[in-house]
Amino acid sequence: MNRWIIRDLIDIAGEYPVQATAVTLQTKQKGATVAGNPMSTTPIAIVLFLFQWVNVPLPNTPRLPNGKPNLTAPVPKTREGKPDLTGIWRAVDGKYLQNIAADGVQVPFQPWAEALYKERQANFSKDRPSGRCLPHGVPDSFLVTATPFKIVQTPFVTVVLLENQGHFRQIFTDGRGFPKDTPPTWMGYSIGKWEGDTFVVDSIGFNDQTYIDDGGHPHTEAYHSTERFHRPDFGHMDYEITIDDPKAYTRPWKVTMPFELFPDNELMESVCENEKDFERLVGK
12 MNRWIIRDLI DIAGEYPVQA TAVTLQTKQK GATVAGNPMS TTPIAIVLFL
62 FQWVNVPLPN TPRLPNGKPN LTAPVPKTRE GKPDLTGIWR AVDGKYLQNI
112 AADGVQVPFQ PWAEALYKER QANFSKDRPS GRCLPHGVPD SFLVTATPFK
162 IVQTPFVTVV LLENQGHFRQ IFTDGRGFPK DTPPTWMGYS IGKWEGDTFV
212 VDSIGFNDQT YIDDGGHPHT EAYHSTERFH RPDFGHMDYE ITIDDPKAYT
262 RPWKVTMPFE LFPDNELMES VCENEKDFER LVGK
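According to the working numbering, the residues represented by the sequence shown are 12 to 295, in order.
Here it is in structure tokens:
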């Protein structure tokens, strides 16, 4: 079985704990295993459906003698000489989805924000917006390893296409600043610039409805994110985000994580219905 599919089954189980429980029960009855782990035939079929475009060789991809993508090849460049971030990417480790501070970052909560985070932890984040087909937000939308995202870089705007629920982000690089009036939105308003070979994205204008991660780190409409994208070679991206929200945290705090290229693949359509029965399925 394709290594991506096995990993994505694990990721999906982490994203949807109710379905994961059902899978475990079915597995115990059927006695099936994959790599020593319980596995039901039903979820395998689902994952195969979700990733039906795997192994689609793409042009302009450097390759090894065996035909596989060369992920350590030099980073591609634009006509302007900047690193070209274009490609389909995904988070390397699903742990950040449940806790963006999983590497031991000390989160400087305001008291009310810490209390809310603990409440969300206690009820398994049952009220998270993504559970009701609402957007994941920033950076939560990058953290779902089961659904990649595509960066399309142009001289005046960089677009991020999110496979999860089909959302998108626009990062303007035409020299504009932030508008005087920025209505709150799910993905915020983003402007980008280059600092050497690192793409720096500042975003404001968020509503307060999204979670920073599925674990429930909160933010308010004062949230200002600064993201730094650095592509050292063809197949790897270093991602850093500084979270600055003085209403929710006592000081800005920073998280770093790796992304990896998802080569020879295309994005899939992702449709989420309104989840009317969600409250009956999870949480306390």
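Each residue gets a CB set at the ideal place from its N, CA and C atoms; glycine is no exception.
Item	Value
Any idea if SER281 is buried or exposed, counting beta-carbon neighbours within 10 angstroms, 16 or more meaning buried?	exposed
State whether the region 83 to 91 contacts the region 212 to 226, with contact taken as three or more CB pairs (one from each stretch) at a distance under 8 Å.	no
Take the Cβ of ASP19 as the centre, count every other Cβ of all protein chains shown within 10 Å, and call the residue buried at 16 or more, exposed below.	Low local confidence applies: a pLDDT of 47 at ASP19 is under 50, so the model's placement there is unreliable, and no value is given.
According to the neighbour-count rule (16 or more other Cβ atoms, all chains shown, within 10 Å of its Cβ), is GLU174 buried or exposed?	buried
DSSP on ALA84, reduced to helix/strand/coil?	coil
To the nearest angstrom, report how far apart VAL67 and THR253 are at their CA atoms.	35 Å
For ASP244, which residues does DSSP report across the bridge?	HIS247
Check each candidate in GLU238, PHE179, PHE217 and GLY226 and name the one with the smallest Cα separation from LYS204.	GLU238
Among TRP100, LYS258, LEU69 and PRO269, whose alpha-carbon lies nearest the alpha-carbon of PRO159?	TRP100
Touch check for the region 170 to 185 and the region 244 to 264: three-plus C-beta pairs under 8 Å?	no
Measure the alpha-carbon distance for ALA112 versus VAL266 and round it to whole angstroms.	7 Å
Please classify ASP256: is it buried, with 16 or more other beta-carbons within 10 angstroms of its beta-carbon, or exposed?	buried
Under three-state DSSP, which class holds LYS191?	coil
Could I get the ranges of all uninterrupted alpha helix (DSSP H) runs contained in the region 68 to 146, with 4 residues as the minimum, in chain order?	106 to 109 and 122 to 133
Around the Cβ of ALA133, are there at least 16 other Cβ atoms within 10 angstroms (buried) or fewer (exposed)?	exposed
If we call anything under 7 Å between Cβ atoms a contact, is THR231 one with LYS258?	yes
Please tell me whether VAL103 has its Cβ less than 7 Å away from any Cβ of chain D.	Given the protein chain composition of this structure (a single chain), no chain D is represented.
Using the DSSP secondary-structure output, state which residues sit across from MET268 in a beta bridge.	TYR250
I need the boundaries of the beta strand (DSSP E) containing THR165, first residue and last residue.	Taken as a continuous stretch (DSSP letters only), THR165 belongs to no beta strand (DSSP E), as it is neither H nor E.
Give me the Cβ distance between LEU69 and PRO274, rounded to the nearest whole Å; I'm assuming they're in contact under 8 Å.	7 Å
Could you spell out the range, first to last residue, of the beta strand (DSSP E) harbouring ASP213?	209 to 215
Measure the alpha-carbon distance for SER152 versus GLY78 and round it to whole angstroms.	31 Å
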